[in-house]
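In my numbering, the protein residues as written are 4 to 94.
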């Protein structure tokens with residue numbers, strides 16, 4: 004629960020215009036993980052479809068991604084490629 008609280012706090016510290024895209028990204032990630040869990044591709048222990056720590060992880064990823072895309076000097080395609088390669092490695 005502490006991780007989710009910290010993730011929400013980090014999300015609230017984003018500029019107001021950055022919050023909806025970050026929330027949409029986090030929701031998309033959670034939705035995709037929930038679909039994978041329903042399909043049996045990943046398995047979380049416990050009663051819930053998606054544990055709170057995973058929701059917190061997606062929200063923190065969305066906060067970092069939103070800040071990174073606004074401050075990075077790298078082209079967007081480099082960031083997207085890094086996320087595409089790095090994301091599956093996390094599993």
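Glycine included, each C-beta is placed from N, C-alpha and C at the ideal position.
Alpha carbon of residue 83 to alpha carbon of residue 89, nearest angstrom: Each residue's alpha carbon lies about 10 Å from the other.
Return yes when the Cβ of residue 56 is within less than 8 Å of the Cβ of residue 6, no when it is not. yes
With residue 11 as the anchor, note down where its alpha helix (DSSP H) starts and where it stops. Element bounds for residue 11: 5 to 15.
Give the straight-line distance between the Cα atoms of residue 54 and residue 93, rounded to the nearest whole angstrom. 16 Å
Measuring only between beta-carbons, confirm whether residue 19 sits less than 8 Å from chain C. Considering every chain present, this structure includes no chain C. It has just one protein chain.
Just checking, does the stretch 70 to 80 make contact with the stretch 41 to 54 on the three C-beta pairs under 8 Å criterion? The stretch 70 to 80, when compared against the stretch 41 to 54, does not touch it at the 8 Å Cβ threshold.
Inside the stretch 20 to 56 only - alpha helix (DSSP H) runs reaching at least 4 residues: 22 to 42
Please go through the same chain and pick out, in chain order, the residues whose beta-carbon is closer than 8 Å to the beta-carbon of residue 86, but skip the five residues on each side of it. Around residue 86: 68.
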